[in-house]
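Numbering that gives the first Met the number 0 numbers the first residue of the sequence shown as 0 and each following residue consecutively. Even for Gly, the Cβ is constructed at its ideal location relative to N, Cα and C.
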Amino acid sequence: MASQTHDIGAAADFSPGGLHRVEVGSRGLVILRRGEEFYALRDVCPHQGARLSAGQLSGTPLPCRPGEEITYGRVGEVLTCPWHGWEFDVRTGQALANPQARVRTYPVRRAGERLLIELS
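Take a look at the structure:
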């Protein structure tokens, strides 16, 4: 199947740190912005089908001693499923705790002020 380019909107419409659901053809996608980088993932958790766009963008807790304040690494790089807390790397779609699970990712590029996504 040939790759197709789709315009998904103006870059300014996607707020940093927000999760935005878009429909491209028959596919639901979650678009997120981290600084000036944009990521697109299929909007379905492989575990039980929850919409990832209803989840949270966060990081992973770093090791600490009992009683110490929890600090986070990879802030803004981890998408957490709203149903059962499965976590996915927004850059690769790989599940953090299950090497067998992955969410499909799609390349996003800017063309001026517009965002384009490649679907195959």
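Note to self: Quick check: the Cα distance between Thr59 and Arg20, rounded to an integer number of angstroms?
What the structure shows: 23 Å
Check: Taking just the CA atoms, how far does Leu78 sit from Glu36?
Finding: 15 Å
Check: What is the rounded straight-line gap between the Cα of Glu117 and the Cα of Tyr105?
Finding: 6 Å
Next item on the list: Determine, using beta carbons only, whether Val102 and Gly111 come nearer to each other than 9 Å.
Entry: no
Checklist line | Asp42 - DSSP class collapsed to helix/strand/coil | finding: coil
Item checked: Counted within 10 angstroms of its Cβ, other Cβ atoms place Tyr38 as buried (16 or more) or exposed -> buried
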